[in-house]
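Contents: one structure, followed by commentary.
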Amino acid sequence: MRTPPTGLFDRVYDIVRGIPRGRVMTYGQVARAVGVTRGARAVGWALSALPRSLERRVPWHRVVGVGGRISPRAGTGPLVQRRRLRAEGVRFQGEKVDLARHGLFA
DNA sequence: GGGCTGACTGACG
DNA sequence: ACGTCAGCCAGCC
286 MRTPPTGLFD
296 RVYDIVRGIP
306 RGRVMTYGQV
316 ARAVGVTRGA
326 RAVGWALSAL
336 PRSLERRVPW
346 HRVVGVGGRI
356 SPRAGTGPLV
366 QRRRLRAEGV
376 RFQGEKVDLA
386 RHGLFA
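Per the working numbering, the first sequence starts with residue 286, numbered consecutively.
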């Protein structure tokens, strides 16, 4: 058994951990998933604080901005995020992720 | 309790 | 299409 996540951070990590390979969610969608309708910014903040120890289990690269944009300050860098996504077969429309194809809804 | 901050967003010019 | 501005949220000091 695992104690249910309390703070926003843990709830965010929980949701992100559940994003399937090859799919992506926007900060806004994650926020809504954790019960914070307009907490997109807070979600980004939570991911920026992602502990090194969780980098393995939490696929942070599957979280993108609205419209499929890649945040300039994401993780090790937008290039890394892009590379990881492409490695999963995620298609891009220019600089943006093709949400119509890989967007996750919930 | 008040103010600051940031991997966000939507509206404008 | 692009930079700026102003709301929005929760954790930290």
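Virtual Cβ for every residue (Gly too), placed ideally from N, Cα, C.
Short of 8 Å from the beta carbon of G362, and not among the five residues preceding or following it, lies no beta carbon of its own chain. Assigned with DSSP and collapsed to three states, F390 falls in coil, not helix or strand. A distance below 8 Å between beta-carbons, with the five flanking residues on each side excluded, links A334 to the following residues of its chain, in chain order: F294. With 16 or more other Cβ atoms from the protein chains shown falling within 10 Å of its own Cβ, T311 counts as buried. The three-state secondary structure of V309, taken from DSSP, is strand.
V375 has its alpha-carbon roughly 14 Å from the corresponding atom of V365.
V343 sits in coil when the DSSP states are folded into three classes, being neither helix nor strand.
In the structure shown, V328 falls within a helical segment according to DSSP collapsed to helix, strand and coil.
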